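Accompanying notes for the structure given below.
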Amino acid sequence: MKILGIDIGGSALKGAPVDIKTGRLLAERFRVETPEVVTPAAMAKIVAEIARHFKWRGPIGIGFPGVIHGSRILTSANLHPKFIGCDGGKLFAKATGCPVTLTNDAAAAALAEMRFGAGRGFKGKTLLLTLGTGIGSSLCYHGMVVPCEFGHLQVHGKSAEYFVSASARKRRDLSWHKWGTELGEYIRTLEQMLWPELIIIGGGVSAKSRKFFKYVKPRARMVPAKFLNEAGIVGAALSIGRHD
Ligand code: BGC
Numbered sequence: 000m001k002i003l004g005i006d007i008g009g010s011a012l013k014g015a016p017v018d019i020k021t022g023r024l025l026a027e028r029f030r031v032e033t034p035e036v037v038t039p040a041a042m043a044k045i046v047a048e049i050a051r052h053f054k055w056r057g058p059i060g061i062g063f064p065g066v067i068h069g070s071r072i073l074t075s076a077n078l079h080p081k082f083i084g085c086d087g088g089k090l091f092a093k094a095t096g097c098p099v100t101l102t103n104d105a106a107a108a109a110l111a112e113m114r115f116g117a118g119r120g121f122k123g124k125t126l127l128l129t130l131g132t133g134i135g136s137s138l139c140y141h142g143m144v145v146p147c148e149f150g151h152l153q154v155h156g157k158s159a160e161y162f163v164s165a166s167a168r169k170r171r172d173l174s175w176h177k178w179g180t181e182l183g184e185y186i187r188t189l190e191q192m193l194w195p196e197l198i199i200i201g202g203g204v205s206a207k208s209r210k211f212f213k214y215v216k217p218r219a220r221m222v223p224a225k226f227l228n229e230a231g232i233v234g235a236a237l238s239i240g241r242h243d
């Protein structure tokens, strides 16, 4: 079965049709930069442009960087505040004319990694973190994926993602060593509460795991996401029918 997966991110929207039996992209992904200030209406136009690019007329799964209850968006830490309270499922379905399932972006990434990627076949407690503009998080256990918001763990009165997301490394101009060490402190704090057996690191920076994994020193086994930055697209497609 083919589903159009779209990953809405702080820096870009990416989409591609996905074969949900194999987790493979069926066409080259289409990427549109996220404009600096983008209202829900403007975002809906970009989502419609992606659907048009693939001449799409079927179900669409969308990963969104915020808390989703049902199809409603409850938080928007790195996008326009107007998304808060908006029924994203309805908005994007109206814009594309297609049925839409909306899910948290990190939950989408976790669905892809646990089904086809770095966590394939593993049933034990797994923490997936996506390091990008923010920090996305999900807990996985015996095939269940639970969206979480560990990026907003409070550190010095701010969300942890403000200090240790991938974009924070660039903004703070940190070396891999310094950033990896701070990321390690954050991850060990999470481990203290969650005790995962496996930690999967996703987001664009996971392609550079050799540069910083050695400084993190978690208790659990830690691996880069297999889909690297594409987990969001594949997982968004897999989320069809799911309700967060
Ligand atoms: C949001 C999460 C999202 C993460 C990664 C955070 O700021 O609150 O919902 O998963 O960023 O995009």
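Residues 0 to 243 (numbering that gives the first Met the number 0) are what the sequence shown spells out, left to right.
C-beta atoms are modelled at their ideal positions from N, C-alpha and C, and glycine is treated no differently.
It should be emphasised that the depicted structure is a prediction, and the values quoted were computed from it without experimental measurement.
Residue i: CB within 7 Å of a non-hydrogen atom of the ligand BGC
i    : result
G274 : There is no way to answer for residue 274, as the model of the chain reaches only from 0 to 243.
A76  : yes
I239 : no
I2   : no
G135 : yes
H141 : no
H155 : no
D269 : The chain is shown from 0 up to 243; residue 269 falls before or after that span and cannot be answered.
H68  : no
H79  : no
I131 : At residue 131 the sequence reads Gly, which differs from the Ile that was named. Answer for G131: yes, Cβ within range of the ligand BGC.
G234 : no
G60  : no
Outcome for residue i when other beta-carbon atoms lying within 10 angstroms are tallied against a minimum of 16
i    : result
R56  : exposed
T95  : buried
D6   : buried
P34  : exposed
R209 : exposed
V36  : exposed
K13  : buried
T102 : buried
S174 : exposed
Bridge-paired residues (DSSP) for residue i
i    : result
K13  : D6 and R30
C147 : S136
D270 : Absent from the model: residue 270. The displayed extent of the chain is 0 to 243, so no value can be given.
Q191 : Answer by DSSP bridge pairing: none, since Q191 is not bridged.
From the options, residue whose alpha carbon lies closest to that of residue i
i    : options                   : result
K93  : A43, G131 and G9          : A43
I186 : M143, V233 and L128       : L128
E196 : D18, V222 and G202        : V222
T74  : V163, P39, G203 and G240  : P39
H141 : S166, T125, G156 and L152 : T125
A76  : G8, K20, E112 and K216    : G8
G202 : K1, I2, A11 and E184      : A11
K81  : I72, E181 and I59         : I72
V215 : C97, I198 and K122        : I198
T132 : I19, R28 and P64          : P64
Closer than 7 Å: residue i CB and nearest the ligand FMN heavy atom
i    : result
N103 : Among the ligands present in this structure, namely the ligand BGC, the ligand FMN is not found.
> Which residue spans inside the region 68-144 form an unbroken beta strand (DSSP E) run of at least 3?
Replying inline: Segments of the beta strand (DSSP E) lying fully in the region 68-144: 99-103, 125-130 and 134-140.
> Which runs of the alpha helix (DSSP H) spanning at least 4 residues fall entirely within the region 30-56, listed in chain order?
Replying inline: Uninterrupted alpha helix (DSSP H) stretches at least 4 residues long and entirely within the region 30-56 occur at 39-52, given in chain order.
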